[in-house]
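Structure record follows, encoded as structure tokens.
Numbering (the UniProt record's numbering), first residue to last: 1 to 461.
See below:
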């Protein structure tokens, strides 16, 4: 029979079982985790430690400058690496000109240690292959010079041998620093034609080269393609001077007697310099420039001409014309064979000179360059046939620009007017291999706008 003691003992056993189940869980039964006071306290402690660490890092680590996130060139001082910031991302910058295109309103530059940039995200490189790293200043573009060099001036060939084969040597067109003017004349062989370049013009020489050089032996001679010769306006051809009615009676002249058409009269000044005249019909004396005199000597008629040397006082008794034959020819080629007054002293030596065509201030002229390589240190902004476009020529490297207005703002070119070239010079401009434009920067090979450069979506025109 169950007594009271047994009942009390049984109740105590069941109570201990319930307490154990609540504390340890039911046997062989998975229970969901329950947050307890200890777990809550641990989470709060971890949050406090993290917040304290972040605040300490902000205090201990220098911050990036204001406004660095967009439109800034950032240079790592440790390595020299350059970046363009766009949308909070640093893009490796391969050409500075690309940054000017994307941010024509202006760029800031920051030089920072690499450690301060370590946590900034990096993006894809920004640049155009083949584009110049930097752009010339407005001062460099304000007074442009262009130079076209065909070949080195060579020594003359044997006088008894003609060489009219010309050359296929390509021209080298470049923007250059200012060069001294070559104040002389040169003979240029092109295929089938001999040319004289002098006084800013080209003259076709319709005289055998050996004969022509016998009268003007100091002229340098070289070979060039026809396109180089066409850089100058064409003057009248140089031919042996012919005199109509040569040999016919011209009447009686004081100090001469019975004169004939085509005879020559010379007056010498106190220095011994002769001035030449030719007797024409009616006994009138026509002046001969030194060039015309030498070209008359190359004609068959000159062999029959008589020469009279008169005292200057005899001029008062003779009749003269103001102009003579050979209008439009260079006045004195003999003086142009020694151009040392405007160039280096070695210019007169054909074997040690280099002559190029130069274009400056709207004119073509000969420029003297020593035999050492030409330093193409100049830059020129050449006008294009399309509005808003131009070609940037730095040295001999051309780059096409289609977004000229954007670059003008960014590079401070507002007061620079692109150079207008004559057609003969324009055809020498090489075809640009590189296009400097926003499209070239922000369009992928499939023709869609790049989204991995923030400026391409927010700064496109």
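The C-beta atom is built at its ideal place from N, Cα and C for all residues, glycine as well. What you are looking at is a predicted structure, and each value in this text was computed from that prediction instead of being measured.
Beta bridge counterpart(s) of residue i as assigned by DSSP
i           : result
residue 275 : 267
residue 364 : 359
residue 122 : 90
residue 308 : 265
residue 398 : 393
residue 110 : 74
residue 256 : Beta-bridge pairing links residue 256 to no other residue.
residue 320 : 285
residue 175 : 146
residue 443 : 449
residue 238 : 205
residue 458 : Its beta-bridge partners do not exist; DSSP assigns none.
residue 222 : 188
residue 198 : 201
residue 330 : In the DSSP output, where bridge partners are listed per residue, residue 330 has none listed.
residue 249 : 260
Rounded C-alpha distance that separates residue i from residue j
i           : j           : result
residue 201 : residue 144 : 21 Å
residue 178 : residue 397 : 18 Å
residue 298 : residue 377 : 45 Å
residue 238 : residue 196 : 9 Å
residue 311 : residue 273 : 13 Å
residue 199 : residue 426 : 22 Å
residue 315 : residue 360 : 44 Å
residue 135 : residue 447 : 27 Å
residue 105 : residue 190 : 51 Å
residue 363 : residue 131 : 30 Å
residue 80  : residue 68  : 17 Å
residue 421 : residue 180 : 21 Å
residue 457 : residue 444 : 13 Å
residue 208 : residue 313 : 39 Å
residue 317 : residue 204 : 39 Å
residue 82  : residue 108 : 13 Å
residue 234 : residue 73  : 52 Å
residue 89  : residue 100 : 17 Å
residue 241 : residue 290 : 12 Å
residue 126 : residue 118 : 19 Å
residue 124 : residue 138 : 31 Å
residue 225 : residue 150 : 7 Å
residue 193 : residue 211 : 15 Å
residue 76  : residue 434 : 28 Å
residue 140 : residue 357 : 20 Å
residue 223 : residue 329 : 22 Å
residue 283 : residue 269 : 23 Å
residue 303 : residue 251 : 21 Å
residue 71  : residue 386 : 29 Å
Own chain residues within Cβ distance below 7 Å of residue i, not counting five before or after
i           : result
residue 142 : 416
residue 78  : 113 and 114
residue 440 : 128
residue 206 : 237, 238 and 239
residue 428 : 148, 171, 173 and 227
residue 383 : 390, 418, 419 and 420
residue 442 : 449, 450, 453, 456 and 460
residue 245 : 261 and 281
residue 230 : 424
Contacting residues, own chain, Cβ-Cβ under 8 Å from residue i (five flanking each side not counted)
i           : result
residue 389 : 400, 401, 402 and 404
residue 277 : 264, 265, 266, 267, 285, 286, 287, 288, 320 and 324
residue 249 : 258, 259, 260 and 261
residue 407 : 97, 100, 101, 104, 135, 401, 413 and 436
residue 322 : 287
Of the listed residues the options, nearest to residue i (C-alpha basis)
i           : options               : result
residue 148 : 111, 366, 310 and 311 : 366
residue 255 : 66, 282, 300 and 308  : 308
residue 122 : 85, 356 and 99        : 85
residue 97  : 105, 411, 385 and 293 : 411
residue 247 : 438, 228, 71 and 305  : 305
residue 418 : 235, 294, 206 and 380 : 380
residue 183 : 176, 428 and 332      : 332
residue 452 : 64, 91, 76 and 82     : 91
residue 215 : 231, 193 and 336      : 336
residue 436 : 395, 391 and 423      : 391
residue 431 : 393, 424, 438 and 442 : 393
residue 133 : 93, 110 and 438       : 93
residue 327 : 334, 301, 292 and 302 : 292
residue 334 : 409, 75, 275 and 217  : 217
residue 176 : 424, 111 and 368      : 368
residue 110 : 66, 322 and 95        : 66
residue 232 : 450, 423, 442 and 438 : 423
residue 185 : 354, 252 and 303      : 354
Same chain only: Cβ atoms within 6 Å of residue i, ignoring 5 sequence neighbours per side
i           : result
residue 455 : 86 and 102
residue 243 : 262 and 301
residue 120 : 90
residue 409 : 104
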